[in-house]
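Here the sequence shown is numbered in the numbering used here, starting from 1223 and rising by one per residue.
Cβ coordinates follow ideal geometry from the N, Cα and C atoms, glycine included.
Reviewing the structure listed below.
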Amino acid sequence: MLDAVLRRRIDPPVERLAAVLASRGVGADAVTVAGLAIGLAAAAAIALGSPPAGLVLILLSRLCDGLDGAIAKMTRPTDLGGYLDITFDFVFYGAIPLGFALLDPTRNALPAAVLLLTFYANGASFLAYAILAEKRKIATTARGPKAFFFSTGLAEASETIIAFCLFCLFPAWFPAIAYGFAAMTAWTFGARVWLAVSTFG
């Protein structure tokens, strides 16, 4: 929901930094891998009792997530790069709730599990729609040039990062925030299923 608005503000400085990195020979895939490693380190920091450190690492990881696409556009986008980008994103999205579940299993395990279920369902609806959109040659640039079709929704990347930041800033509120964001993600899942019925039915 917020991705389109935030991209207009975030993309210009990210593209300037990407140009510097690309000029020094840094490849998009290397930045993608670095983003995943930093994201997993964020989850580990959270699980070990340091959500503030996790917050810093989450933001660095997502900076890498923006840089890899910008570098790819300046050099040579590849199918492998698109594959690694979305696959590693989903690993990251699962790792952060898991970190909070490990931090306090008694309070956080159930809300983390509910959130992960909605992530799983929403991710499946997103990727399945992209496959069928490619089959039918349906395209969109609503979220900029992408390796495959990006269907929009109430809970997108920006909202996910905001939720993760709130987890780190207010770890005692993790259950409430997780249930609230799970509801948003479930709504997005339902909307994507309805979009698929409307488009492919």
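- DSSP places D1290 in the helix class (H, G or I) of the three-state scheme.
- Scanning the region 1325-1368 for uninterrupted alpha helix (DSSP H) segments of 4 residues or longer gives 1327-1357, listed from N- to C-terminal end.
- Taking every protein chain shown into account, the CB of T1309 has fewer than 16 other CB atoms within 10 angstroms, so this residue is exposed.
- Boundaries of the alpha helix (DSSP H) around E1381: 1379-1391.
- By alpha-carbon distance to A1240, the top candidate from G1402, A1266, A1264, L1285 is L1285.
- Excluding residues up to 5 positions away in sequence, I1260, G1261, A1263, A1264, A1267 lie with their Cβ nearer than 8 Å to the Cβ of L1279 in the same chain.
- In this structure, D1287 sits near G1257, with a CB-CB distance shorter than 8 Å.
- Going by beta carbons, P1274 and C1387 fall outside the 8 Å limit.
- Between the region 1395-1413 and the region 1296-1312 there are fewer than three inter-stretch CB-CB distances shorter than 8 Å, so the stretches are not counted as touching.
- In this structure, the alpha-carbon of A1331 lies about 22 Å from that of W1409.
- If you look at A1252, you'll find it in the alpha helix (DSSP H) that goes 1250-1269.
- Closest by C-alpha distance to T1254, out of F1348, A1294, V1336, is A1294.
- Cβ-Cβ distances below 6 Å link I1383 to R1284 in the same chain, with the five nearest sequence neighbours on each side left out; the list follows chain order.
- A direct Cα-to-Cα measurement between G1423 and A1352 gives close to 15 Å.
- The residue from F1403, L1325, A1379 with its alpha-carbon nearest to that of L1281 is A1379.
- Counting along the chain, the unbroken alpha helix (DSSP H) around T1410 starts and ends at 1396-1422.
- DSSP places G1247 in the coil class of the three-state scheme, outside both helix and strand.
- For P1393, the closest of A1244, I1318, P1235 by C-alpha to C-alpha distance is I1318.
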